[in-house]
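Numbering (this note's numbering), first residue to last: 135 to 312.
Below is the structure:
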């Protein structure tokens, strides 16, 4: 499947925008988590936890899924391929892992924090509120770096495809000169 230029460009804009928003929201979650665990004010802790819940429920999860789907579409619809280049493959698996961690670890942790502060009890594990955004932020920054630098070269599959393409071009040239 090849994306035509307008579709590829639109998908790229969606992917970069959703990725940047996901990164920014993670920074916001980190700021709110630090506020929740360092402040001594109960209303401030409750407000920070409730804001984190809104961010994770309504913004972070949809953006994570949009980033994952648009990246998958780009990889399958462009010459980069999903399993042709190691950096694309690494980005896909990291995006999938951070999306899963957001859905199955970050969101339940934020929900537990909101339930605790609403009940008037202390946060169950305050460090968990900060750990999720720190891990996610590290992964997003790493993915941004490899998107720019494009390290590591082709995968085994990519080398096979490249070799097959060269053989096809060479065979075509031989037919033209014969």
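Note that beta-carbon positions come from the ideal geometry of N, C-alpha and C, so glycine has one too.
Nearest neighbour of residue 183 by Cα position, chosen from 203, 262, 228, turns out to be 262. Taking all protein chains shown into account, residue 218 has 16 or more neighbouring C-beta atoms within 10 Å of its C-beta and is therefore buried. Here residue 302 has no same chain residue with a Cβ atom under 8 angstroms from its own Cβ, once five neighbours each way along the sequence are excluded.
Where residue 231 is concerned, the enclosing alpha helix (DSSP H) starts and stops at 220-235. Taken atom to atom, the span from the alpha-carbon of residue 245 to that of residue 258 is near 11 angstroms. Looking from the CA of residue 289, the closest CA among 216, 266, 207 belongs to 216.
252 is the residue among 154, 252, 294 whose C-alpha sits nearest the C-alpha of residue 179.
Ranked by how close their Cα comes to the Cα of residue 172, the residues 305, 264, 299 have 264 in first place. The three-state secondary structure of residue 146, taken from DSSP, is helix.
DSSP places residue 299 inside the alpha helix (DSSP H), whose first and last residues are 290-311. Residues 211 of the same chain have their beta carbon placed closer than 6 angstroms to that of residue 137, with the five preceding and five following residues left out of the count. Distance between residue 185 and residue 235, taken at the CA atoms: about 19 angstroms.
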